[in-house]
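Per our numbering: the sequence shown = residues 3 to 190.
Cβ coordinates follow ideal geometry from the N, Cα and C atoms, glycine included.
What follows is a short report on a single structure.
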Amino acid sequence: MLKFVHELMGHRAEGDGKGAYDQAKTKLRAKSARAREVLELVETHSHVVRILVSTSVGQDSAFQAGPILGTEESAMLWDPKKDFPILVDVADREVINRATKKPMQKTFATIAPLPAEIVLLHEFGHIAQFMGELPTYVQLFKAGDIAAIEADNLKRNEWPVCDDYGLAKRSSYLHYNGSSAAAKWSIA
């Protein structure tokens, strides 16, 4: 069950969050069968997810499961006006390290926008994982295996929706801020 709130995790709602959600939901349902499945699961499940829709969230759109927060209810942040930059057209190349003058592998990619409604669907994908599609969600999260959670979410949710939209897909989630692999990326 979704519960729209006005304040969450240090952010405050602005404008009509439910209206922005309904607009995004309409787009997703019209374009993608997988989006319809995820939305149906999340909206009809008895678990309560507090949702904050706000432009102050930006790229902090995120889902936090209740057990991870230490509460019975889960929480989600989403910015309906913010496309999320993703890396696509990924290719590994050998380059010369300027400091050592030795060859090294570097991953090159270009940036493409992931529309805000697909960012919403990505976070709903995490909710679906938590609600049983990835039974080990909480254990993986607590063990710090975010890569396994994200890989599952990309494969099961984000990529099929990107296919339905005719958009480029990010090939991995390893470039996210804080990833130990982030240093090997070069944006073309």
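On a Cα-Cα basis, can you pick out the residue from ALA93, MET133 and LYS27 that is closest to PRO69?
When each option's Cα is compared against that of PRO69, the closest is MET133.
Let me confirm a value: VAL97 is counted as buried when at least 16 other C-beta atoms fall within 10 Å, else exposed. Which label applies?
Residue burial annotation: VAL97 is exposed, with fewer than 16 other C-beta atoms found within 10 angstroms of its C-beta.
Hey, could you find the ends of the alpha helix (DSSP H) ALA32 is sitting in?
Run containing ALA32: 19 to 33, per the alpha helix (DSSP H) assignment.
My output table needs one value for ALA153: the three-state DSSP class, helix, strand or coil.
Helix at ALA153.
Nearest candidate by alpha-carbon position, reference LYS5, set GLN25, MET78 and ALA35:
Comparing Cα positions, the closest option is MET78.
Hey, SER34 and GLU125: beta-carbon distance below 8 Å or not?
Against a cut-off of 8 Å, the Cβ pair of GLU125 and SER34 comes out as no contact.
Output the boundary residues of the beta strand (DSSP E) element that contains VAL51.
Taken as a continuous stretch (DSSP letters only), the beta strand (DSSP E) holding VAL51 covers 51 to 55.
At which residues does the beta strand (DSSP E) containing PRO87 begin and terminate?
From DSSP, the beta strand (DSSP E) with PRO87 extends over 86 to 98.
With H, G and I counted as helix, E and B as strand and the rest as coil, what does DSSP make of LYS144?
Residue state for LYS144 is assigned as helix, using DSSP reduced to three classes.
Assuming PRO82 and VAL55 make a contact with CB atoms under 8 Å, what is their CB distance in whole Å?
The C-beta distance from PRO82 to VAL55 rounds to 6 Å, short enough to fall under 8 Å.
Does DSSP classify ALA101 as helix, strand or coil?
Coil, per DSSP.
With distances taken Cα to Cα, identify the nearest neighbour of GLU45 among ASP165, LEU123 and PRO87.
Looking only at ASP165, LEU123 and PRO87, the smallest Cα-Cα distance to GLU45 is reached by LEU123.
TRP161 to ALA114 span [Cα, whole Å]:
TRP161 and ALA114: Cα-Cα distance of roughly 14 Å.
Less than 6 Å between C-beta atoms, sequence neighbours within five positions excluded: which residues of the same chain meet that for TYR139?
Listed in chain order, the non-local C-beta contacts of TYR139 below 6 Å within the same chain comprise GLN131 and PHE132, local neighbours out to five positions each way being set aside.
Just how far apart, CA to CA, sit PHE110 and LYS171?
Rounded to whole angstroms, the separation of the alpha carbons of LYS171 and PHE110 is 15 Å.
Contact check, GLU16 vs SER58, beta carbons under 8 Å:
Cβ atoms of GLU16 and SER58: closer than 8 Å.
Give the straight-line distance between the Cα atoms of MET106 and ASN99, rounded to the nearest whole angstrom.
Cα to Cα, the separation comes out at about 6 Å.
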